[in-house]
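K.L.:
Before I ask anything, let me first share the structure, which is written out below as structure tokens.
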Amino acid sequence: METEFYICHYCHKEYTPKRRRAQKFCSDSCRSKAHHAKQSKPTTEIIVTEPKEKKKQTVESMSIAGVGNAATGAAIVELIKSFLTPELKKNVTKEDLNTLVTRIKGRYHPIKNHPSLPDGKKPFYDMETQEIVYIVPSPWMKH
Numbered sequence: 086m087e088t089e090f091y092i093c094h095y096c097h098k099e100y101t102p103k104r105r106r107a108q109k110f111c112s113d114s115c116r117s118k119a120h121h122a123k124q125s126k127p128t129t130e131i132i133v134t135e136p137k138e139k140k141k142q143t144v145e146s147m148s149i150a151g152v153g154n155a156a157t158g159a160a161i162v163e164l165i166k167s168f169l170t171p172e173l174k175k176n177v178t179k180e181d182l183n184t185l186v187t188r189i190k191g192r193y194h195p196i197k198n199h200p201s202l203p204d205g206k207k208p209f210y211d212m213e214t215q216e217i218v219y220i221v222p223s224p225w226m227k228h
């Protein structure tokens with residue numbers, strides 16, 4: 086080890102080096118600070134920029150072609166969706182429900198002169214199977 090003192094390149098204090106001729110700074114913090122100072126040196130070159138001209142803002146108007154393209158795209162997407170969706174996964178519409186209710190209303194007819202079961206099920210005549218069935222009546226069924 087050397088016994089002479091060195092001067093730190095950052096803080097300018099004297100120090101005893103720990104390694105030979107490879108050490109320029111007294112500590113790692115001075116070395117790090119010197120590096121950051123070197124990286125963030127302000128440039129002396131002055132850049133003059135001229136003010137930019139203000140551009141007028143353009144407002145895009147809606148065109149019939151654009152509306153037509155959007156409608157066509159939406160229709161194609163819906164067509165592909167309906168084609169690729171299996172029948173059991175499709176949504177039920179109000180028309181489907183009304184058709185179902187109308188079928189059920191016409192299929193089951195209440196029997197008034199026949200006793201109900203103890204669990205609350207009432208007798209109905211099934212027009213398709215021509216049998217008596219016991220069902221818990223719903224509000225949409227004839228009573």
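If you read the sequence shown in the numbering used here, its first letter stands for residue 86, the second for the next number, and so on. Note that CB positions come from ideal geometry on N, CA and C, so glycine has one too.
#1: Beta carbon of A122, beta carbon of H94: below 8 Å?
#2: Along the chain, where does the alpha helix (DSSP H) containing I220 start, and where does it finish?
#3: Would you be able to state if there are at least three C-beta pairs under 8 Å between the stretch 145 to 161 and the stretch 172 to 186?
#4: Y219: which of E213, M212, L202 sits nearest, CA to CA?
#5: Whole angstroms are fine: how far does the CA of N154 sit from the CA of E145?
#6: For H228, which of helix, strand or coil comes out of DSSP?
#7: Decide if F110 is buried, meaning its Cβ has at least 16 other Cβ atoms within 10 Å, or exposed.
#8: Confirm the yes/no value for this check: CB of P208, any heavy atom of the ligand FMN, distance under 7 Å.
#9: Below 8 Å on the Cβ atoms is my guess for D211 versus Y193; work out the distance and round it to an integer in Å.
#10: By the three-class DSSP mapping on this structure, what secondary structure does E99 have?
#11: For K197 versus V221, is the C-beta spacing smaller than 8 Å?
P.N.:
Short version:
#1: Indexing the sequence shown from 1 puts residue 122 at position 37. Indexing the sequence shown from 1 puts residue 94 at position 9. Result no, Cβ atoms of A122 and H94 do not sit closer than 8 Å.
#2: Position 135 of the sequence shown holds residue 220. Where I220 is concerned, there is no enclosing alpha helix (DSSP H), although the beta strand (DSSP E) around it starts and stops at 216 to 220.
#3: Segments in contact, no.
#4: Position 134 of the sequence shown, counted from the first residue, corresponds to residue 219. Measuring from the Cα of Y219, the nearest candidate turns out to be L202.
#5: One-based indexing of the sequence shown puts residue 145 at position 60. One-based indexing of the sequence shown puts residue 154 at position 69. About 16 Å.
#6: Taking the first residue of the sequence shown as 1, we reach residue 228 at position 143. Confidence at H228 is low in this model, with a pLDDT of 46, below 50, so its placement is unreliable and the value that follows should be read with caution. Three-state result, H228: coil.
#7: In the sequence shown, counting from the first residue as 1, residue 110 sits at position 25. It counts as buried.
#8: Among the ligands in the structure shown, none appear at all, so the ligand FMN cannot be discussed.
#9: Taking the sequence shown and counting its residues from 1, the one referred to as residue 211 is at position 126. Taking the sequence shown and counting its residues from 1, the one referred to as residue 193 is at position 108. Right, their Cβ atoms sit about 6 Å apart.
#10: One-based indexing of the sequence shown puts residue 99 at position 14. Note: E99 maps to strand in three-state DSSP.
#11: Taking the sequence shown and counting its residues from 1, one reaches residue 197 at position 112. Taking the sequence shown and counting its residues from 1, one reaches residue 221 at position 136. No, the pair does not count as a contact, with Cβ atoms beyond the cut-off.
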